[in-house]
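Undergrad: Quick one: the structure is below, questions incoming.
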Amino acid sequence: MHHRRLRSLAMLVVASLIISPLSAMPLSTIVEKALSESAKMQDLELTKRDTLLTIGRNQAEDGVGVSVSGDLTTTLDLDSPSTTLRSSGVDTTITLPNDGKTSIQVSTGALSYGSSGNTYSVAPTVGASHTFTYGLTGDNRKSLTNRQTEVLATSTYDVSRVNYTTSLYSQIATILDNEKSIKKTAKELADLERTLEQNLTLKLVKEDSLIHRASVQAIQSKKTTLEGLNTTRELYLRQFKNLTGFEWEGVSDIPEPNLLFNPDQSQSSTLKLKSLAVDLAKEDLAIQKATYTNKSLVVGGSVGGSASKTKSKNILTGVEKIDYYNDATIKGSASLIANQYKISGSVSATYDFEDNTFTPSLTIGGSWSNNPSSYSEGLKLQQLENAVLTAELAYRTAIDEFNQSVMTIQNSIASYVMNYSLLLEFIAYNQETLEQQKDLYSRGLATALQVEDAQFAVDLDTYTLNSSLLEGLKLENQIKSLSL
């Protein structure tokens, strides 16, 4: 209710006070134009877009992988009309994008074909393998890092945008304060010159007297001050152009700040980044522990066969002989891999269709080693555990700093609202004084100089009010920054 009363009073005061130059730009227009034309903000926008595109590429899911390899050799016998084709085979591997990276292998095997006598040899196989991991199988580090980068890129841009706007408000306030000082100094100079002229005319002061010299010195001092203020104004205007990219034309329609404040820790990018740092530290620790405790079971198998037709001729008898050979082979394997040992086994069986024979085989192997680096590995785990504790401490510290910032902003809001309320009352008083002086002047009870002085006080109040509104907008940006 108190805030609404201040807003109503402010609207009445502003409506009666603010008379902006015709060329003045509304504050919102200045901000939008500056943001669009600022080289710094354009660079930040491009950086943000590039970062988000990079994150998008990193988050793309793996697809099915296919690789094919092989060669083919042709031999032409010029002494006889025969051609031989030979190949080491065409091997194709298909890898599925699942956790176990299932792999399917298809191979034609070595093959050959001779046009003379229609001889051939083929040995195709098909196999597959899959890895089962017991323990930590998911690595969330990639998604956590991408999320961290996304929050950092977005918050950096948003905070920079707010900070840029705050700098713009400060620059505008500096120009307005300078203009106010120029007007005030110019009036003081005019008052001193008028007073001295009146005193000389009325013979109240003699030329070259001490009072006259003091008055002349005061006038010269005001002139010097005014020249310095005008020189400073040129500097401020150059700074404004460097900041925004366009010339200063004045400002109008400065709105009242929105100082509603509902602090929310979940919206703070600083706390989000600290929380993600904790999650990353925990993930690093879990991954490192998994290298010591995880076990992987790799299973695989294949089915293959070979078929050939060969033609031979006995040199002594001249009898040709054609041999056929066909067999099938089935293989299976498994291996259990841990940090210090590996156990593997494989079975295979071959069946010869021509000789009707079956040949099985079994192979078992393994390895073991002690862990001479267990001490250093223990130290590494301890370092990662300490990293988790450090990240958690940093997160709790950030929460305390957030709460402290909340208290500081709340105090600043209370102070601003009180000072703004007093300013509006003071401005309203000066406006009433001006109306009274005008009324008294119309009845011959006040001088034109008194009306002029009252009007000048009201004119200066315009600058004071605008500066106060800009300070409030800067405070509003502090509230925004805490939630970014």
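Residue 237 in the numbering used here sits at position 151 of the sequence shown, with consecutive numbering throughout.
Cβ coordinates follow ideal geometry from the N, Cα and C atoms, glycine included.
What you are looking at is a predicted structure, and each value in this text was computed from that prediction instead of being measured.
Is Glu557 helix, strand or coil by DSSP?
TA: Three-state DSSP puts Glu557 in a helix.
Undergrad: Can you tell which of Ala304, Pro446, Ala473 has the C-alpha that lies nearest to the C-alpha of Thr271?
TA: The shortest C-alpha separation from Thr271 is found at Ala304.
Undergrad: Using 8 Å as the threshold, is the C-beta distance between Thr252 and Asn497 below it?
TA: Cβ atoms of Thr252 and Asn497: not closer than 8 Å.
Undergrad: Can you tell me whether DSSP reads Val544 as helix, strand or coil?
TA: Val544 falls in the helix class under three-state DSSP.
Undergrad: Which residue from Glu335, Gln351, Leu359, Leu556 puts its Cα closest to that of Val492?
TA: The candidate whose alpha carbon is nearest that of Val492 is Gln351.
Undergrad: DSSP on Asp163, reduced to helix/strand/coil?
TA: Caution applies to Asp163, whose pLDDT of 48 falls short of 50 and renders its modelled position unreliable; the value that the coordinates give is listed next. Looking at Asp163 - three-state DSSP - the assignment turns out to be strand.
Undergrad: On the DSSP letters alone, give me the boundaries of the beta strand (DSSP E) that Leu448 sits inside.
TA: That run of the beta strand (DSSP E) goes 443 to 454.
Undergrad: Is the beta carbon of Leu467 closer than 8 Å to that of Gln374?
TA: Yes. Within cutoff.
Undergrad: Starting from the C-beta of Ala367, find all residues in its chain whose C-beta is less than 6 Å away, skip the five residues before and the five after it, and write them out in chain order.
TA: Answer for Ala367: Ala473, Val474, Ala477, listed in chain order.
Undergrad: Just the Cα atoms here: how many angstroms apart are Thr415 and Ser388?
TA: Straight-line Cα distance between these residues: approximately 8 Å.
Undergrad: My parser needs the beta strand (DSSP E) runs of 3 or more residues fully inside the segment 109 to 140; what are they?
TA: Listed in chain order, there is nothing to give.
Undergrad: Please state the DSSP three-state secondary structure of Ser354.
TA: In the structure shown, Ser354 sits in coil (DSSP, three-state: anything other than H, G, I, E or B).
Undergrad: Grab the span of the beta strand (DSSP E) containing Gln426 for me, first residue to last.
TA: Where Gln426 is concerned, there is no enclosing beta strand (DSSP E), given that its DSSP letter is neither H nor E.
Undergrad: Look at the alpha carbon of Thr260 and the alpha carbon of Glu471, and state the distance between them as a whole number of angstroms.
TA: For Thr260 and Glu471, the distance between alpha carbons rounds to 52 Å.
Undergrad: How would you call Asn328, buried or exposed, if buried means at least 16 neighbouring beta carbons within 10 angstroms?
TA: Exposed is the call here.
Undergrad: Expressed to the nearest angstrom, what Euclidean distance is found between the alpha-carbon atoms of Val248 and Ser267?
TA: Those two C-alpha atoms are separated by around 29 Å.
Undergrad: Quick one: what's Gly213 bridged to in DSSP?
TA: Answer by DSSP bridge pairing, in chain order: Gln191, Ser388.
Undergrad: Work out the CA separation of Tyr243 and Asn604 for me, nearest whole Å.
TA: Outside the shown range of the chain, which is 87 to 570, sits residue 604, and nothing can be said about it.
Undergrad: Excluding five sequence neighbours on each side, which residues of the same chain lie with their C-beta closer than 6 Å to the C-beta of Thr311?
TA: Cβ within range, chain order: Thr271.
Undergrad: Do Asn516 and Asp486 have their beta-carbon atoms positioned less than 8 Å apart in this structure?
TA: Cβ atoms of Asp486 and Asn516: not closer than 8 Å.
Undergrad: Using DSSP with H/G/I as helix, E/B as strand and the rest coil, what is Leu383?
TA: It is a strand residue.
Undergrad: Mapping the DSSP letters down to three states, classify Gly29 as helix, strand or coil.
TA: Residue coverage of the chain in this structure runs from 87 to 570, which leaves residue 29 outside it and unanswerable.
Undergrad: By Cβ distance below 8 Å, which residues in the same chain neighbour Leu108 in space, the five residues on each side in sequence not counted?
TA: Because Leu108 sits at a pLDDT of 48, beneath the cut-off of 50, its placement in the model cannot be relied upon, and the point is left open.
Undergrad: Going by Cα to Cα distance, which pick from Tyr506, Gln426, Ser354, Thr318 is closest to Ala484?
TA: Measuring from the Cα of Ala484, the nearest candidate turns out to be Ser354.
Undergrad: Am I right that Asp573 and Leu113 are in contact with their C-beta atoms under 8 Å? What's the rounded C-beta distance?
TA: The structure shown does not extend to residue 573, since the chain spans only 87 to 570, so no value can be given for it.
Undergrad: Would you mind sorting Gly558 into buried or exposed? The rule is 16 or more other CB atoms within 10 Å of its CB.
TA: With 16 or more Cβ atoms within 10 Å of its Cβ, Gly558 is classed as buried.
Undergrad: Out of Leu262, Asn285, Ala363, Asp370, point me to the one whose CA is closest to Glu320's CA.
TA: Taking only the C-alpha atoms, the option nearest Glu320 is Leu262.
Undergrad: Only counting the same chain, and skipping five residues up and downstream in sequence, which positions put a Cβ closer than 8 Å to that of Val302?
TA: So the list reads Leu282, once near-sequence residues are dropped.
Undergrad: Express the C-alpha separation of Leu510 and Leu286 in angstroms, rounding to a whole number.
TA: About 41 Å.
Undergrad: What are the boundary residues of the alpha helix (DSSP H) that includes Thr311?
TA: Here the alpha helix (DSSP H) through Thr311 covers 296 to 330.
Undergrad: Given a threshold of 16 other Cβ atoms within 10 Å of its Cβ, counted over all protein chains shown, does Leu162 qualify as buried or as exposed?
TA: Model confidence at Leu162 stands at a pLDDT of 47, short of 50, so the residue's coordinates are unreliable; what they give is reported in the following sentence. Leu162 should be labelled exposed.
Undergrad: Could you have a look at Ser198 and say whether DSSP puts it in helix, strand or coil?
TA: Strand.
Undergrad: In angstroms with no decimal places, state the Cα-to-Cα distance between Leu551 and Asn505.
TA: Straight-line Cα distance between these residues: approximately 11 Å.
Undergrad: Rounded to whole angstroms, what is the Cα-Cα separation between Leu570 and Ala120?
TA: Taking the straight line joining both Cα atoms gives about 21 Å.
Undergrad: Following a CB-centred definition, is Ile423 positioned closer than 7 Å to any heavy atom of the ligand SAM?
TA: The ligand SAM is not part of this structure, which contains no ligands at all.
Undergrad: Terminal residues of the continuous alpha helix (DSSP H) containing Lys266?
TA: Its alpha helix (DSSP H) spans residues 227 to 287.
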